[in-house]
Amino acid sequence: MTTETKEVSEQQPAIASGLPLADEPGLGTLTLPGFLREVTQQFGSREALVFHDDAGVTRWTYDELWERSVEVARALRACGVGKDSRVGVLMTNRPEWLAAVFGTSLAGGVAVALSTFSTPAELEHLLGLSGVSVLLFERTVAKRDFASVLTDLEPAIATSAPGAVQSAAYPFLRHLAVVGEPVPGGAIDDWDTFVARGQTEPVELIEASAASVNPSDTAVLFFSSGTTSKPKGIRSAHRGVTIQMWRFRRMFGFGPEDDVRCWTANGFFWSGNFGQALGSTLAAGGSLVLQSTFDGAAALELMQSERVNFPVAWPHQWAQLEGAPNWSTVDLSSLRFVDRDYPAARHPTVTTDWTEPGHAYGNTETFTITTCFAANTPEDVIAGSSGEPLPGNTIKVVDPLTGLVLTRGERGEICVKGPTLMLGYVGIPLDETLDEDGYFHTGDGGYLDDIGRLYWEGRLTDIIKTGGANVSPLEVDEELNRYPGVKVGRTVGVPHETLGEVVVACVVPHADTTLDGEAIRTFLRESLASYKVPRHVLFFAEEDIEITGSAKIKSSDLRVLAAQRLET
């Protein structure tokens, strides 16, 4: 590169765009009813899902998934659900979750994805914010009885007749139905009774309501993780959701010939797992191997018995899988689509040189990925980045104080817009959410390089400012988690009188492992600049560090915890 060219490159504004959406290959029908119809017509007799529980093994073909979804849609129509009615779905990953969400879309409604990790106070907030008219829920999850939680929140549920709930707290809520042990008396239908409500509803009307759904209509209501404030309700259009479902298949490179068998225990009520696991698998005619709640040893047995080839897990789950008592004896030779850097790649029965499209950036507000590189992209192309803008998307990086667009290479706030951007937050005007050019300001820090690759450096509030230098905790975490014996490693900045902040590593060791803080610091010096190496390494038990349901560490809480530990 000549000096003149370099100077021009450095003056490029920090804006990058992907190809026009019209040029993106592999997209299908852009509504949830259309998506389900398309994959059913293509893969009808193939297995769509398998679910093991105490009652036995459930297997649905694509035809059966369609039929069960239509049954739910008929029942919802009998309950008064119509265009834009909101239906809450409070379940783990099980067949009824898929039937409920797709069934809601077939009936013309909006599926509200509720986390089973919600505390009673959180659930009270979510129900009040979402305004659901029907709530479909699982009776017991991890020893929590949601029937009891709900009746504690609204005692009228226990005394009202089915379909006749009258609640000042939740004025739109009328119907409830439960998967699992029935709730005697009160307003809650058991699942069979709920489905039977729709027997007199003509299938032709469900076909008509499904056909009337537009790509621009609201499809789902998901919620932010709430690591910095109460969760926000995020409305996403059918177009945005289905673009990502088709897109993930393309980014992973899956096709019907791959016979994808995807295991995951991460909730589909998070957009990332919905798009990545559910979307890519169904779009490719594969089968979802469902696990209701995560258990490492049981997951390994499930991978073995169901010949899973595409496991989807978060880092802390991989650590638990590797630490499970049957890790060394289970046969995982079916694993094919597993990144070579994951613990599973080290398993004696696994052979892989595959790399997933994990170099990506996204938000729930964009129904996950905005930038990404496809699977098996060479490392020199990725260059440590978070990907390049996907078709239809535009990224800009601005000064977080002035809003002015920076130049390439300058660090600032990442702003995004594109066809998967949310329709808006519930209860917040759109002009208070997007800037005058239609960009969503993410609150994340990063920069664009001279060829338009995005480098994400974490939340702006998480960037550590020490001695006048900025340290990305993500960069330190990446190296920290490579150290043998580290189960969970997270880096935070703790206030310091002269430096502003000091870099502190918070580590949860594997069970029966003793780690040395100075040895970890020595290891990190090999790959990190001196000012990025943690001044302190603190060790915690796993229960000391709060992890949200979507596997995010609450950095603010961790900073307080670290500061308290350093004071003692």
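Here the sequence shown is numbered in UniProt numbering, starting from 1 and rising by one per residue.
Ideal placement from N, C-alpha and C gives every residue a C-beta, glycine not left out.
Cβ pair residue i, residue j closer than 8 Å
i           : j    : result
V507        : V486 : yes
F335        : L49  : One detail in the question is off: residue 335 reads as Leu in this sequence, not Phe. No.
R247        : L114 : no
T140        : E181 : yes
A142        : G253 : no
G424        : T433 : yes
A210        : L106 : yes
T242        : T31  : yes
V397        : T366 : no
residue 577 : A14  : The structure shown does not extend to residue 577, since the chain is modelled only from 1 through 568, so no value can be given for it.
G418        : N393 : yes
Beta-carbon proximity list for residue i, same chain, < 6 Å, skipping 5 on both sides
i    : result
D259 : none
V112 : R86, G88, S130, V132, L221
T228 : For T228, the pLDDT reaches just 44, beneath the cut-off of 50, and the residue's location in the model is therefore unreliable, although a value from the coordinates is still provided. Excluding positions up to five away in sequence, the list is empty.
A187 : I157, S160, P162, V165, L176
A499 : Looking at the sequence itself, residue 499 is Leu, so the reference to Ala does not match. Taken in chain order, the residues that qualify are T466, G467.
F43  : Y62, G285
A75  : F194, V195, R197, G198
D189 : P162, A177
G146 : The sequence shown places Phe at residue 146, not Gly. So the list reads F137, once near-sequence residues are dropped.
A100 : V72, V89, L136
L278 : F268
First and last residue of the uninterrupted alpha helix (DSSP H) at residue i
i    : result
V183 : Careful: V183 lies outside any alpha helix (DSSP H) and carries neither H nor E.
E257 : Per DSSP, E257 belongs to no alpha helix (DSSP H) and is neither H nor E.
F146 : 146 to 153
V72  : 62 to 78
T40  : 32 to 43
V101 : 95 to 106
G137 : This sequence places Phe at residue 137; Gly is not what is there. That residue, F137, is in no alpha helix (DSSP H); its beta strand (DSSP E) goes 134 to 138.
R482 : Element bounds for R482: n/a, residue is neither H nor E.
E207 : 203 to 211
S556 : 555 to 567
A158 : 156 to 159
T281 : 280 to 283
T466 : Element bounds for T466: not the alpha helix (DSSP H) but the beta strand (DSSP E), 464 to 466.
P348 : No alpha helix (DSSP H) contains P348, which DSSP labels as neither H nor E.
A113 : No alpha helix (DSSP H) holds A113; the beta strand (DSSP E) holding it covers 110 to 113.
Range covered by the beta strand (DSSP E) that runs through residue i
i    : result
L129 : Not the beta strand (DSSP E): L129 falls in the alpha helix (DSSP H), residues 120 to 130.
R521 : R521 -> not in any beta strand (DSSP E); alpha helix (DSSP H) instead, spanning 517 to 525.
W456 : 454 to 459
F539 : 536 to 539
L300 : Unbroken run through L300 is the alpha helix (DSSP H), 296 to 305; no beta strand (DSSP E).
Close beta carbons around residue i, own chain, < 8 Å, minus the five adjacent residues each side
i    : result
T200 : A78
A298 : Q291
A345 : V338, D339, T352
R559 : V492, G493, V494
L321 : G296, A299, L300, A313, W327, P343, A344
E475 : E457, L528, K532
H125 : K230, P231
D437 : K417
Bridge-paired residues (DSSP) for residue i
i    : result
F310 : C262
G412 : G446
L288 : L49, C262
S385 : According to DSSP, S385 bridges with nothing at all.
G233 : F223
T368 : N363
K143 : DSSP output for K143 lists no bridge partner at all.
I395 : A16, V416
F440 : V416, L434
Y425 : I234
L27  : Answer by DSSP bridge pairing: none, since L27 is not bridged.
L176 : L135, I188
E501 : P495
Proximity test, Cβ basis, 8 Å: residue i and chain D
i    : result
L499 : This model lacks chain D altogether; it includes just one protein chain.
Neighbourhood of residue i by C-beta, 7 Å cutoff - its chain only, sequence neighbours within 5 removed
i    : result
P400 : G412, E413, L460
H496 : V502
Q12  : T407, R408, D450
F539 : V507, P509, L515
L19  : P391
Check: residue i C-beta below 7 Å from any heavy atom of the ligand GDP
i   : result
G80 : With respect to the ligand GDP, the structure shown offers nothing to examine, as it has no ligands at all.
The segment 64 to 72 / the segment 299 to 308 touching (three or more Cβ pairs under 8 Å): The answer is no - the segment 299 to 308 does not touch the segment 64 to 72, with fewer than three Cβ pairs under 8 Å.
Given 8 Å, three or more beta-carbon pairs between the segment 322 to 334 and the segment 346 to 354: Touching, yes, given that three or more Cβ pairs across the two stretches are closer than 8 Å.
Inter-stretch contact (C-beta, 8 Å, three-pair minimum) for the segment 232 to 252 and the segment 204 to 222: Result yes; three or more Cβ-Cβ pairs closer than 8 Å.
Cβ contact (3+ pairs, closer than 8 Å) linking the segment 262 to 277 and the segment 91 to 105: Result yes; three or more Cβ-Cβ pairs closer than 8 Å.
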